[in-house]
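Just below is one structure, and these are the notes that go with it.
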Amino acid sequence: MEPRQRFDVVGGPAIAAILSKGKHQILELVRETYLLHHAARTTNPDSYFLRFDDKPTARIIALPARLRGAEDIAGIKWIASFPENKDIPLPRASAVVVLNDMATGFPYACLEGSQISAVRTAASATLAAELLHRGKQAGRVAVIGAGPIASAVVNFMLATGWSVGQFQAHDLIGARARAFCDSLREAGSRAEFADSAKHAIDGADLVVFATTAARPYLEDPALFTPDQTVLHVSLRDLGVDVILSAQNVVDDVEHCLKAQTSVHLAEQTTGSRDFVNGTIGDLISGRLQPDQRRARIFSPFGLGVLDIAVARFVHEKAVASGGAATIDDFFVSA
Ligand SMILES: NC(=O)c1ccc[n+]([C@@H]2O[C@H](COP(=O)([O-])OP(=O)(O)OC[C@H]3O[C@@H](n4cnc5c(N)ncnc54)[C@H](O)[C@@H]3O)[C@@H](O)[C@H]2O)c1
């Protein structure tokens, strides 16, 4: 059979097994992918948001991308966010990633995407934390919003060698933050419930935001101290004055200053992008240094190239380990 006629499906359990063992490799892969993006060896158009009049809180986002590294790869993540799923209950986010062969254009694999999306987000946040915080040690980590993305971030940090004295978790749904702390304690960490975001943040070295806030609710420019590093994964928690008080690092300036993110609001307020100090690519390549005189905030919009890079890695491992189901007659023969 011609390679282009092969079509693989890789399901959630096979992906979970691969991701649980591959975190160090994925961290390196994400670092390399950011460098390729920095070197303009990627094509990463704007994400396309499909929204619905009769379901205003729901959306499905398309993130197509091409990555020209050691191998030329392309594909798309198609990720749904249906917040009302929590009442069923089902996860808010669900996704697939499709990979395309760049010789023929043929799609050759479809992978369960929510885990890939979560792990690339976690790897990106972990990498930024390492670069901005200079090392892998935190006396206290504050977690605001205790859903699957927050879990993915803290689990990724712990699996890649971070030493954390204590976690403090806050969520609008107290039971979620408590369950989050329970699972961290079961895994051997110290973790405490915090009854407000402010309580969690005060005294923390590292602050992780993974809420679903649609607009800023923390406005005090004195919220953070210079010894704090902030992973603003959910992008819309911080008021303009908080953003302007800090060193700001994004994954991609064009992407991140859109869709009413906090940094987008800061651009609208100031009429300039001068408050953005650089990208994670600048940090990795040494062109930007962390500023120790003020808090450092990383705001990652989330690049499709990361999903494609991680999906390709997962697909290769799944094929090698027998975890991919091949559909031989998916395409019609010529
Ligand atoms: N930047 C990226 O690359 C990237 C990638 C994936 C997900 N995300 C974002 O990460 C966020 C979390 O994703 P998830 O799948 O864990 O979502 P989720 O809905 O499963 O969990 C979010 C949690 O945040 C809590 N929350 C909402 N508003 C809050 C507030 N103001 N204060 C405290 N807690 C609050 C909710 O109660 C919920 O428990 C989402 O906003 C998602 O869009 C970003």
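Using the numbering used here, the first residue of the sequence shown is number 1, and each one after it goes up by one. C-beta atoms are modelled at their ideal positions from N, C-alpha and C, and glycine is treated no differently.
Query                                                                                                                                                           : Result
Are A309 and L67 close, meaning C-beta to C-beta below 8 Å?                                                                                                     : yes
DSSP three-state label for V96, please.                                                                                                                         : strand
Only counting the same chain, and skipping five residues up and downstream in sequence, which positions put a Cβ closer than 6 Å to that of N85?                : R92
Which runs of the alpha helix (DSSP H), 4 residues or longer, sit entirely within the region 241 to 325?                                                        : 253 to 256, 262 to 270, 280 to 284 and 304 to 321
Could you tell me which whole alpha helix (DSSP H) segments of length 4 or greater appear in the region 18 to 52?                                               : 23 to 38
Thinking C-alpha only, which one of A152, A266, D328 and K258 is nearest A246?                                                                                  : A266
For D101, tell me which candidate among A128, E71 and I79 has the shortest Cα-Cα distance.                                                                      : E71
At the level of alpha carbons, what is the spacing between H255 and F301?                                                                                       : 6 Å
Taking a contact to mean a Cβ-Cβ separation below 8 Å, would you say F167 touches S183 in this structure?                                                       : no
Just to check my reading of the structure: P226 and Q289 have Cβ atoms closer than 8 Å, yes? What is that Cβ distance to the nearest angstrom?                  : That belief does not hold up - the Cβ atoms of P226 and Q289 are roughly 14 Å apart, past 8 Å.
Where does R296 land, buried or exposed, given buried means 16+ other C-beta within 10 angstroms?                                                               : buried
Taking only runs that begin and end inside the region 87 to 153, name each unbroken beta strand (DSSP E) of 3 or more residues, in chain order.                 : 93 to 101, 107 to 112 and 137 to 144
Please confirm if the region 207 to 217 is in contact with the region 270 to 287, defined as three or more CB-CB distances below 8 Å between the two stretches. : no
Going by DSSP, what residue range makes up the beta strand (DSSP E) through A62?                                                                                : K55 to R68
Around the Cβ of F224, are there at least 16 other Cβ atoms within 10 angstroms (buried) or fewer (exposed)?                                                    : buried
Which residue marks the beginning of the alpha helix (DSSP H) containing L184, and which one marks its end?                                                     : G174 to E186
Starting from A200 and walking both ways along the alpha helix (DSSP H), at which residues does that stretch end?                                               : A197 to I201
So what does F193 bridge to, in DSSP terms?                                                                                                                     : A169
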